[in-house]
Amino acid sequence: MVTHAEAVIWADGLTKTFRGRRSTGVEAVSGLSLSVGAGERVAYIGPNGAGKSTSIKMLTGILHPTTGRAEVLGHVPWTQRRALTRRIGTLFGQRSQLWFELTPRQSYRMLAAIYRLDEGAEERRLAELGGLLDASDLFDMPVRSLSLGQRMRCELAACLLHDPQIVFLDEPTIGLDLLAKQRFRQLLVRLNEEKGTTVFLTSHDVADIEHVAQRVIVINHGQVIYDNTVASMRRSLLATKLVEVTFDRPPDNLEMAGVTVVTADATSLRLAVDTTITPVRKVVDVLLERADIGDLSIVDPPLEQVIANIYEQAARP
Amino acid sequence: MRQPWAVAATMAARRVVASPSALAVSSGFYFIVVSVVSALWRAAAGVHHGQVAGYSAAALTWYIAFSEAATVALNVRMIEYIGQDIADGSVAVELLRPTPLVLVRLATESGQAVARVLPLAGIGAVLALVVVGRPPSWTGVLVALPSLALAVCCNLAMQHAVAAAAFWTRDARSTWFLYQKFVFILGGMLLPLEVLPAWLHHIALALPFMAMSYVPARLASGHLALGLIGLQVVWLIVTVAAAAGMFAAGQRRLQVVGG
């Protein structure tokens, strides 16, 4: 657990209530507490309406909380927003920072002036980002001629131009094709590993979480309902394992408590094993004994299913 | 150190140059409007012994060329679009920059508007030269050029001040229509303010709309009153302060109440 002193993002009991003119109010965030250390890659996820957006707005200083405390890089976001904006970067997948009629480099010139970078610093930074994001050749092309994947790399460069210590990314891969998504995820990991930039990512794409994040914070109804490493989340939350086998001779009988057949054909079988009832080792022993096994693998269930389970568990009274 | 406002305005002007087709469309529209409206005023002058409210047919043509340029250069529904940005929360994202939101917006819009208004004034000047010949005063036309730039900036600042009401109302869709009518009539876009009844003329001269169209048009029509430019500068300061104040109050509300 990251302590308050070590944290670059820290919140304690953040609450935000939106009050209508006649209504008593809607509590979008309800006593949210979290802490994120420098250099972490965190996925911040939750179902629609969970309070992600509102809490990020509070952590970046756009919104004042109704109650609670927070610090980002030592700044209280809502009272020191301007100072904070110089040290954080934000990327919203559906909102462009680039002007379509111009080249990215021309848009960067305006952003550099906003962040008070002189021309020398701007050029050095763009050369560095061009290499890091493999985007140097894109900086002088009109934005309107770039593919979405190319544009998102240029958007990321815009977000990183002032060398932020934390980047907040909201659905950064939305709309990208498979290859562009993979490349973008690799770039985020590279940015984190080479520059130590803290990555705080929200996404509904499970692959973003799986391939970028080391840690997952799940919120629902405005509260943190789960906070752990991605690997632990897989291991601890689902006792179910998938056993996949191929064989020359199928097993005679596989009736065991806690074992269900997911798919089966003449040469292969997929079993779901509830390890709280039957250990997976016992199932493997039975398979080896009763069938002529060609190949066998034990896999975790897809992360999607794990996350769905967390949401469902939180929804239960 | 580069000033963000100056860079924003320059880059925005480059956007206009980089989209010649958009400029061509507004130029075509402007050419038609100036041709028709100035023809009407020349006809009106014709039946009034060659003069309307102290303006000759030639002066009226130069007046319309500049009054229309000052308004055609701007997006007619800007108030609505700013209001949408406020209502849907887009504006909140702009708070994630270390510069005052409204000033960067104003610099950007002003850069674009100035880049549009000067070519339009050029087209208007050529049209007026062809139709009625040289202007009543070349000096007046030259002085009207910086006045045009002040006019569009003043108009933009006022539109931002009005649109900022969307921080409270969440809707600025209807406001732009009413605002445009004020610019058309009380701003002197369609008609010189001297044509209005005396009481309305006095009211119009006391309102900021006169700085948005009437002043450059009056100067281009040969009425060299440099005090009018001073008045424009005063209105520019007032409208920018109003926009900044409204946005600052709106931002505070947004931060407390949410977007």
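Going line by line, the protein sequences match chains H and X.
Just so it is clear: in the first sequence, position 166 is 169 by my numbering, and no numbers are missing.
Just so it is clear: in the second sequence, position 142 is 482 by my numbering, and no numbers are missing.
Just so you know, even glycine gets a beta-carbon here, dropped at the ideal spot from N, CA and C.
Min CB distance residue i to chain H below 7 Å
i: MET418 of chain X; result: no
i: ARG342 of chain X; result: yes
i: VAL502 of chain X; result: no
i: ALA385 of chain X; result: no
Rounded straight-line distance, which links the Cα of residue j to that of residue i
i: SER553 of chain X; j: ARG108 of chain H; result: 36 Å
i: ILE48 of chain H; j: GLU307 of chain H; result: 12 Å
i: THR6 of chain H; j: SER38 of chain H; result: 7 Å
i: VAL276 of chain H; j: PRO254 of chain H; result: 16 Å
i: ARG237 of chain H; j: SER366 of chain X; result: 59 Å
i: LEU132 of chain H; j: ASP166 of chain H; result: 10 Å
i: ALA588 of chain X; j: ALA427 of chain X; result: 16 Å
i: THR82 of chain H; j: LEU436 of chain X; result: 13 Å
i: PHE517 of chain X; j: ARG510 of chain X; result: 17 Å
i: LEU151 of chain H; j: LEU141 of chain H; result: 12 Å
i: GLN153 of chain H; j: SER110 of chain H; result: 15 Å
i: TYR229 of chain H; j: ASN312 of chain H; result: 11 Å
i: ILE220 of chain H; j: ILE310 of chain H; result: 11 Å
i: GLN452 of chain X; j: ALA398 of chain X; result: 30 Å
i: GLU125 of chain H; j: TYR403 of chain X; result: 46 Å
i: VAL573 of chain X; j: LEU545 of chain X; result: 15 Å
i: ALA210 of chain H; j: THR176 of chain H; result: 10 Å
i: GLU30 of chain H; j: THR20 of chain H; result: 4 Å
i: PRO537 of chain X; j: VAL416 of chain X; result: 27 Å
i: ALA216 of chain H; j: PHE187 of chain H; result: 13 Å
i: MET259 of chain H; j: SER235 of chain H; result: 27 Å
i: VAL202 of chain H; j: VAL444 of chain X; result: 28 Å
Test item: CB-CB of residue i and residue j under 7 Å
i: ASN223 of chain H; j: ALA53 of chain H; result: yes
i: THR448 of chain X; j: ALA352 of chain X; result: yes
i: THR249 of chain H; j: GLY178 of chain H; result: no
i: ALA385 of chain X; j: LEU400 of chain X; result: yes
i: ALA116 of chain H; j: VAL347 of chain X; result: yes
i: THR18 of chain H; j: SER36 of chain H; result: no
i: ALA242 of chain H; j: THR281 of chain H; result: no
i: GLY64 of chain H; j: VAL170 of chain H; result: no
i: PHE507 of chain X; j: GLY527 of chain X; result: no
i: TYR370 of chain X; j: PRO532 of chain X; result: no
i: ASP208 of chain H; j: ARG252 of chain H; result: no
i: ARG273 of chain H; j: VAL265 of chain H; result: yes
i: CYS493 of chain X; j: SER450 of chain X; result: yes
i: VAL580 of chain X; j: ALA505 of chain X; result: no
i: GLU315 of chain H; j: SER359 of chain X; result: no
i: ALA557 of chain X; j: SER407 of chain X; result: yes
Interface partners of residue i on chain H, CB under 7 Å
i: ARG437 of chain X; result: THR88, ILE117
i: VAL347 of chain X; result: ARG112, MET113, ALA116
i: ALA358 of chain X; result: GLU104, LEU105
9 Å Cβ cut-off: residues of chain X touching residue i
i: THR3 of chain H; result: Nothing about residue 3 of chain H can be read from this structure; chain H reaches only from 4 to 320.
i: LYS55 of chain H; result: Chain X residues near LYS55 of chain H: none, gap ~14 Å exceeds 9 Å.
Cutoff 7 Å: residue i Cβ touching any chain X Cβ
i: THR243 of chain H; result: no
i: LEU105 of chain H; result: yes
i: ARG186 of chain H; result: no
i: ARG85 of chain H; result: yes
i: TRP13 of chain H; result: no
Identified DSSP bridge partners for residue i
i: SER396 of chain X; result: X:GLN391
i: HIS165 of chain H; result: Note: HIS165 of chain H sits in no beta bridge, so no partner.
i: SER202 of chain H; result: Reading off the sequence, residue 202 of chain H comes out as Val, not Ser. Paired residue(s): H:ARG44, H:VAL170.
i: SER407 of chain X; result: In DSSP, SER407 of chain X forms no bridge with anything.
i: SER359 of chain X; result: Beta-bridge pairing links SER359 of chain X to no other residue.
Per-residue contacts from residue i into chain X (C-beta, under 7 Å)
i: THR18 of chain H; result: None at all; the shortest Cβ gap to chain X is about 13 Å.
i: ARG128 of chain H; result: Neighbours of ARG128 of chain H on chain X: none; closest Cβ ~14 Å, over 7 Å.
i: THR63 of chain H; result: LEU436
i: LYS285 of chain H; result: Under the 7 Å cutoff, chain X gives no residues; its nearest Cβ is about 55 Å from LYS285 of chain H.
Residues that residue i contacts on chain H, provided the C-beta gap is smaller than 8 Å
i: VAL444 of chain X; result: ILE117
Partner residues on chain X for residue i, Cβ-Cβ distance less than 8 Å
i: GLN109 of chain H; result: MET351, ARG354
i: LYS198 of chain H; result: Within 8 Å Cβ-Cβ: nothing; LYS198 of chain H doesn't reach chain X, min ~20 Å.
Partner residues on chain H for residue i, Cβ-Cβ distance less than 9 Å
i: SER299 of chain X; result: Since the displayed chain X opens at 341 and closes at 599, residue 299 of chain X lies outside it and no answer follows.
Below-7 Å beta-carbon distance, residue i vs any chain C residue
i: GLN97 of chain H; result: No chain C is part of this structure, whose protein chains are labelled H and X.
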